[in-house]
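As structure tokens, the structure follows; a few thoughts come after it.
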Amino acid sequence: MTMTISRRDAILAGFGGFAAAALPGLGLAATMEELTTAFTGGAAPGEGGITLTAPEIAENGNTVPVEVNAPGAVAIMLLAAGNPEPAVATFTFGPAAGSQRAATRIRLAKTQDVIAMAKMADGSIVQASSTVKVTIGGCGG
Amino acid sequence: MITRREFLQASLAASAIVGASGVGNWSRLAAQQALTQDQLLQFDDFGNVTLIHITDLHAQLKPIWFREPEWNIGVGDAKGQPPHVVGKEFLDMFKIQPGSPEAYALTYEDFAALGKAYGKMGGMDRVATVVKAIRAARPESILLDGGDTWHGSMTSFLTKGQDMVNVMNALGVDAMTSHWEWTYGTERVKEIVETQLNFPFLGANIFDAEWDEPAFEPYQIFEKGGVRIAVIGQAFPYMPIANPKWMFPEYSFGIREERMQEVVDEVRAEGVDLVVCLSHNGFDVDRKMVSRVKGIDVILTGHTHDAVPEPVLIGDTILIASGSNGKFVSRVDLDVRDGKMMGFRHKLIPIFSDVITPDADMAALIDAEREPFKADLEEQVGTTESLLYRRGNFQGTWDDLICDAVRSERDAQIAMSPGVRWGTTLMPGDAITREDIHNVTSMTYGACYRTEMTGETIKTILEDVADNIFNPDPYYQQGGDMVRIGGLAFTCDVSQSIGNRISNMALADTGEAIDAAKSYTVAGWASVNEGTEGPQIWDVIEAHVRKIGTVKLSPNTSVSVTGL
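Residue numbers (the numbering used here), protein chains in the order written: chain A, 67 to 207; chain B, 300 to 863.
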């Protein structure tokens with residue numbers, strides 16, 4: 067492993083300036099468009115500078131490990147486009163953060179795109195997405 | 300790394316030699332009407348290192364019949380590419396004479412007739428002879444097993460893989476990776492790996508499910524003739540999806556492309572001269588993975604059972620596909636100099652069981668493993684007049700028989716049988732023994748359930764399974780071949796997307812269209828759900844075959860395939 071901090075350490079301890087704000091149970095689910103606009107302030111997302119790691123096919127749709135790494139980001143928003151409530155979490159990073167990386171597990175109702183957006187210090191936005199398939203399984207030849 | 304230009308020169312030189320001493324030679328042998336062991340083993344030594352690859356043995360210790368697929372549809376970029384070429388097109392692509400030994404070994408046409416001429420293939424005692432001969436010529440060799448080794452026969456089921464572990468230890472395997480091994484459960488896998496295997500059980504992509512951290516040895520470094528070789532294992536990526544995850548809940552798998560790159564970079568940084576990936580990803584997944592992960596010299600592919608007579612070049616990587624069930628052993632000689640693979644010479648050695656002399660020690664070991672079960676294994680249950688095979692994207696004749704048995708014995712309108720790629724063949728006129736039935740059904744979750752499903756649920760299942768084979772992105776192809784169905788007719792348009800491939804669903808007996816809201820009785824086996832109840836599938840089939848005595852199947856026209 068080349069990661070300087072293991073995922074176990076990250077989950078157990080967290081690290082400098084790392085805070086996770088999950089958004090469960092909102093009375094009215096915000097749409098993808100509303101969430102995106104609120105996060106980007108209308109800026110068009112670019113590509114590159116953000117890595118989203120998710121399985122191609124979920125081993126268990128109820129707990130899908132995803133990881134986002136966006137060096138230099140001040141905030142990362144994670145969305146599950148096909149869930150009834152697309153907002154998953156927004157992570158913010160303070161100046162003391164050793165890295166701008168977040169790993170969590172999310173529930174996916176069905177096959178869908180998981181989208182990560184990162185806001186950089188200059189206000190620019192980068193985006194990455196990954197399709198995660200949720201399948202019945204079986205028939206493994 | 301070797302430059303593209305240098306590499307192509309090297310590989311061109313190598314393939315010219317393959318033409319003279321490898322596959323091309325088989326045709327000449329056929330013309331001479333004489334196959335000899337020396338000719339099958341003939342190989343002009345090349346370079347300084349040899350890899351020996353076997354994979355997907357499915358616990359077949361004795362010679363078997365195995366008919367290669369009639370249907371192997373490629374989608375997306377894989378269309379028309381090996382291994383998605385069958386029958387005459389395959390013969391044309393590799394310049395193989397129809398009716399020759401290699402046509403029999405590698406394709407499906409005239410299988411029953413050619414089988415009479417050329418005999419059964421495989422047998423681990425014959426494989427042992429070939430391995431010993433290669434090692435005698437090339438002491439600087441590594442023997443690698445791609446997995447699906449401990450599962451697939453009655454003896455492996457009854458001994459929980461012990462017979463295969465003993466045989467592979469005796470064969471002197473240097474490293475393996477895994478898939479069906481895990482269906483014996485975590486405890487048994489760990490017992491074997493920790494206390495019995497004489498060699499490493501590699502899986503760079505096997506992670507602890509709770510912490511998502513590596514859980515098994517990712518690679519092993521070998522030193523042969525002054526060359527340092529890293530062998531990285533890649534277990535079947537979709538283990539907890541395609542097989543019952545409750546049997547190994549501690550582990551997570553996945554392709555984990557970024558992890559593979561990390562491990563390749565790690566062994567490169569340690570200064571190895573050659574990087575080999577021993578994979579159970581399947582052919583198309585491997586083709587995609589090595590086009591994206593940089594630094595793998597040789598990928599030894601497994602899982603999809605493809606026997607391809609020439610290496611496939613992908614960028615700077617050669618991909619070797621060595622078939623299944625002990626039908627073939629691949630020998631790959633490599634010239635490795637100054638930390639670079641400069642060239643290769645390859646031969647897919649066919650194990651014609653009547654031509655290759657069994658190794659006496661291995662033959663004795665195999666007989667000893669079978670002895671306690673011999674009477675049970677060899678008991679005749681019936682006879683077949685039909686050729687019985689499974690392999691192919693859609694229904695084989697074994698599946699027709701199994702679905703008939705399931706519908707009849709479990710009194711169901713519709714039968715479902717898994718599209719696994721394993722399962723050996725029986726020739727017209729063959730006796731059907733209990734062992735033969737196990738060879739197409741053996742598993743640790745073989746309960747034959749009976750339930751009710753709505754038309755909508757049945758459609759969802761068919762769509763889901765179809766997407767797991769015909770999704771144009773190989774990374775989303777999770778499982779085996781298409782689920783086999785009895786009592787239900789349908790059309791599958793392989794060019795469509797999920798939800799749109801399956802149409803014209805109807806009860807096969809009456810032609811009555813399937814109603815999405817209506818319930819139907821469905822029986823099947825190999826459910827991945829914990830606590831599935833029902834008799835074992837091999838007992839269901841045995842009861843059915845005993846009743847009918849002689850199997851005589853009519854052609855099955857219930858599945859229409861379009862969008863090709």
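Idealized CB from N, CA, C, for every residue including glycine.
Check, Outcome
"How far does the beta strand (DSSP E) with residue 518 of chain B in it reach, from first residue to last?", "518 to 523"
"Taking 9 Å as the threshold (beta carbon to beta carbon), is residue 552 of chain B in contact with chain A?", "yes"
"Which of the three DSSP states is assigned to residue 554 of chain B in this structure?", "coil"
"With residue 185 of chain A as the anchor, note down where its beta strand (DSSP E) starts and where it stops.", "178 to 186"
"Report the partner residues of residue 749 of chain B according to the DSSP bridge assignment.", "B:822"
"Run through the DSSP bridge pairs and tell me what residue 715 of chain B is partnered with.", "B:784, B:823"
"Step through the CB atoms of chain A and report whether any lies within less than 9 Å of the CB of residue 857 of chain B.", "no"
"Do residue 166 of chain A and residue 184 of chain A have their C-beta atoms closer together than 9 Å?", "yes"
"Express the C-alpha separation of residue 198 of chain A and residue 189 of chain A in angstroms, rounding to a whole number.", "29 Å"
"Can you name the start and end residues of the beta strand (DSSP E) that residue 144 of chain A belongs to?", "139 to 146"
"Based on the DSSP output, what are the partners of residue 804 of chain B in its beta bridges?", "Partner(s): none; residue 804 of chain B has no beta bridge."
"Terminal residues of the continuous alpha helix (DSSP H) containing residue 675 of chain B?", "673 to 677"
"Hey, which unbroken runs of the alpha helix (DSSP H) at 4 residues or more fall wholly within the stretch 413 to 500 of chain B?", "423 to 436, 453 to 457, 461 to 470, 485 to 494"
"Counting only C-beta atoms, is residue 583 of chain B closer than 9 Å to chain A at any point?", "no"
"Helix or strand or just coil, what does DSSP make of residue 859 of chain B?", "strand"
"As an exercise, report each continuous alpha helix (DSSP H) stretch of at least 4 residues that is fully enclosed by the stretch 569 to 652 of chain B, in chain order.", "582 to 591"
"Under the criterion of a Cβ to heavy atom distance below 8 Å, does residue 172 of chain A qualify as lining the ligand SAM?", "Looking at this structure, you won't find the ligand SAM or any other ligand, since it has none at all."
"Taking Cβ-Cβ distances shorter than 8 Å, what residues in chain A pair up with residue 491 of chain B?", "Residues of chain A passing the Cβ test: none, with the nearest at roughly 20 Å."
"Please list, in chain order, all residues of the same chain as residue 322 of chain B whose beta carbon is under 8 Å from its beta carbon, the five residues on each side excluded.", "Note that residue 322 of chain B scores a pLDDT of 46, beneath 50, so its modelled location is shaky; the value from the coordinates is reported in the next line. Excluding positions up to five away in sequence, the list reads 393, 395, 401, 608, 609, 646, 647."
"For residue 481 of chain B, which residues of its own chain have a beta-carbon under 7 Å away from its beta-carbon, when the five flanking residues on both sides are left out?", "488, 538, 542, 546, 547"
"Residues of chain A with CB under 9 Å from residue 826 of chain B, in chain order?", "204"
"Would residue 137 of chain A pass as an interface residue toward chain B - the criterion being a Cβ-Cβ separation below 9 Å?", "no"
"By the criterion of Cβ-Cβ separation under 8 Å, what are the contact partners of residue 176 of chain A in chain B?", "None at all; the shortest Cβ gap to chain B is about 11 Å."
"For residue 479 of chain B, I'd like the list of residues in its chain whose CB is within less than 6 Å of its CB, leaving aside the five on either flank, ordered along the chain.", "447, 450"
"Does any residue of chain B have a CB that is nearer than 9 Å to the CB of residue 119 of chain A?", "yes"
"Let me know the secondary structure DSSP gives residue 121 of chain A once reduced to three states.", "coil"
"Who are the neighbours of residue 219 of chain A on chain B, taking C-beta pairs under 7 Å?", "This structure cannot settle anything about residue 219 of chain A, because the visible part of chain A is limited to 67 through 207."
"Look up residue 866 of chain B in the DSSP assignment and say whether it is helix, strand or coil.", "Chain B is shown from 300 up to 863; residue 866 of chain B falls before or after that span and cannot be answered."
"Taking Cβ-Cβ distances below 9 Å as the criterion, which residues of the stretch 510 to 524 of chain B are in contact with chain A?", "510, 511, 512, 513"
"In chain A, which residues lie less than 7 Å from residue 557 of chain B when you measure between Cβ atoms?", "119"
"Quick check on residue 593 of chain B - is its C-beta less than 9 Å from some C-beta in chain A?", "no"
"Using the three-state DSSP reduction, which class does residue 199 of chain A fall into: helix, strand or coil?", "strand"
"Following the continuous alpha helix (DSSP H) through residue 106 of chain A, name the residue where it begins and the one where it ends.", "98 to 106"
"Please list the partners that residue 113 of chain A has in chain B, where partner means a Cβ-to-Cβ separation under 9 Å.", "The contacting residues do not exist; residue 113 of chain A stays about 17 Å from chain B at best."
"If you check the beta carbons only, do residue 425 of chain B and residue 658 of chain B fall under 9 Å apart?", "yes"
"Can you give me the C-alpha to C-alpha distance between residue 168 of chain A and residue 376 of chain B, rounded to a whole angstrom?", "34 Å"
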